[in-house]
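Protein chains: 2
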Amino acid sequence: MIQVVPEMQARGYHHGDLRTALIKAGLALLEREGPGGVSLRAVARQVGVSQAAPYAHFHSKRELMSAIATVGFSRLRDLIAPLASDPARSLSDLGLAYLDFARANPGLYRLMFGSDEHIDMRNEHLSTASRQALELLAMKAGRNGSDPIRDPGPIAAWSLVHGLVMLLMDEKLPSGLDQSMPAILRLLEPGVAEYVKEREL
Amino acid sequence: MIQVVPEMQARGYHHGDLRTALIKAGLALLEREGPGGVSLRAVARQVGVSQAAPYAHFHSKRELMSAIATVGFSRLRDLIAPLASDPARSLSDLGLAYLDFARANPGLYRLMFGSDEHIDMRNEHLSTASRQALELLAMKAGRNGSDPIRDPGPIAAWSLVHGLVMLLMDEKLPSGLDQSMPAILRLLEPGVAEYVKEREL
DNA sequence: ATCATGATCTTGACACTGTTAAGAACGCCG
DNA sequence: CGGCGTTCTTAACAGTGTCAAGATCATGAT
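Taken in order, these protein sequences are the chains called E and A. Under our numbering, the first residue of the first sequence is numbered 1, with each subsequent residue one higher. Under our numbering, the first residue of the second sequence is numbered 1001, with each subsequent residue one higher.
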């Protein structure tokens, strides 16, 4: 027997692929309960191992959560990548796609873009996955060659969408706003155009 | 002796004013550690009472946190109240004041406007304090008589400022943006004006 | 083929958390 | 002065993240 790759052989003392199983179970629990509701022990229970088993693969709960957030950023990148970067409609279209992602994965979004109490942005995999997704997003959203640091346009756009996502998820806004989203997102475009014209960029 | 109000008599078996002392200590701990770092036992320890003492004044930790958030909304209302409601500059000025409040009390802001895992919006005091502050804010920001439900302007404005606050607090944005804030906030005004003109309001 | 080694997993424990029960100490009203 | 309700303490429970010790397994070296 020439090393049968242990796919899906969850029987016996050794699990076989505990690391990814923990991440998958964590993702499920995350969407069901939110970031605060994920407990390492519950994830282990779900997978059918003891409470301390995860520590063979993650130094801490925070590291598991960081791994989960990492797959979140990969998903976001894959979702953004095929979108056209039409400079005219890009802002609101990108905003809608971003919004869809957040509303389809609220727990994951909160984990990725919330406070760093649950994840560790110094984690290498996480920080590169995050950078890749956000740089792609900035590339599709910004005018080519603009300085994303000083340019208020992209910052305002991201803030607007992020704030909208958060307020919607936390139910701080009245319900039934779904068809207003495009109009809300487009409100920024005249201001950005005007800013660009004034600075003659 | 006509009922000497027990101010500041923290000695003996009975504390004297434990309820407000807990709220005050909770506020301090909240700003030092964030909402997730506040523990009922730590607050009790700070005040010098046993772990179960708070339960004479609050049914649960969530109720203490709700009381803390309530003073947060009162503070916000008092801070917004004296501001002029100049319809021309109101949006960005209000936004700057709101932003100042959030950055001066990041833990409190997160508690007030974050997810409802820590506070209970069905709490009567909290919901009225919240409503008062937000209605005042909407009144100062909105055109008089506009329907705040369907009008995308106020929603976009709140979302923009809230998102900006969150991204700044969570250090997702590059540093040194302070002087860009007015420009960022003003980016919404042309779009709102245009929207109003189109609808001929 | 055996064996040692390192990776993986279990059991048991520790300190911490929110919360409740039982009872002690206190202020106040009759 | 006596009872009573409020306030507070101690003790306990289940849950958490984390670590230490040890058991089990897979695999490479001999």
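A virtual CB, placed ideally from N, CA and C, is assigned to each residue, including glycine. This structure is a prediction, so every number in the text was calculated from the model and none was measured.
One finds nothing in chain A with a Cβ atom closer than 8 Å to the Cβ of K197(E); even the nearest lies about 11 Å away. Apart from sequence neighbours up to five positions away, the residues of its chain that approach A44(E) with a beta-carbon distance below 6 Å are Q51, A53 and P54, ordered along the chain. Contact check for R19(E) against H57(E) passes: the beta carbons are separated by less than 8 Å. In the structure shown, V1038(A) falls within a coil segment according to DSSP collapsed to helix, strand and coil. For V71(E), the enclosing alpha helix (DSSP H) covers residues K61 to I80. Judged by DSSP secondary structure, F58(E) falls outside any alpha helix (DSSP H); it is assigned neither H nor E.
In the displayed model, V1047(A) falls within a helix according to three-state DSSP. Our two residues, L167(E) and S1159(A), have alpha carbons roughly 7 Å apart in a direct line. Taken residue by residue, none of the region 1119-1141 of chain A has a beta-carbon sitting less than 8 Å from a beta-carbon on chain E.
In this structure, DSSP gives S1115(A) a state outside helix and strand, which the three-state scheme calls coil. Only P1152, G1153, I1155, A1156, W1158, S1159, L1160, V1161, H1162 and G1163 from the region 1151-1163 of chain A bring a Cβ to less than 8 Å from some Cβ of chain E. The beta-carbon of G1114(A) is placed less than 8 Å from the nearest beta-carbon of chain E.
Measuring C-alpha to C-alpha distances from V165(E) to each of R150(E), M181(E), D151(E) and L79(E) identifies M181(E) as the nearest. By the C-beta criterion, the region 68-78 of chain E is judged to be in contact with the region 26-39 of chain E, since at least 3 inter-stretch pairs fall below 8 Å.
With its beta carbon at least 8 Å from every one in chain E, I1068(A) lies outside the interface. Among the residues facing chain A, R62(E) is not included, as its CB has no counterpart in that chain under 8 Å away. Rounded to the nearest whole angstrom, the C-alpha separation of L187(E) and G1153(A) is 8 Å. Cβ proximity to chain E below 7 Å picks out nothing from the region 1089-1109 of chain A. Assignment of K1024(A) by DSSP, reduced to helix, strand and coil, places it in the helix class. In the three-state reduction of the DSSP assignment, M1121(A) falls in the coil class, being assigned neither a helical nor a strand state.
DSSP places R1019(A) in the helix class (H, G or I) of the three-state scheme. Contacts with chain A at 8 Å (Cβ-Cβ) do not include A42(E).
With a cutoff of 8 Å on beta-carbon distance, K1140(A) and L1083(A) are scored as near each other. When secondary structure is reduced to three states using DSSP, A1102(A) falls in the helix class.
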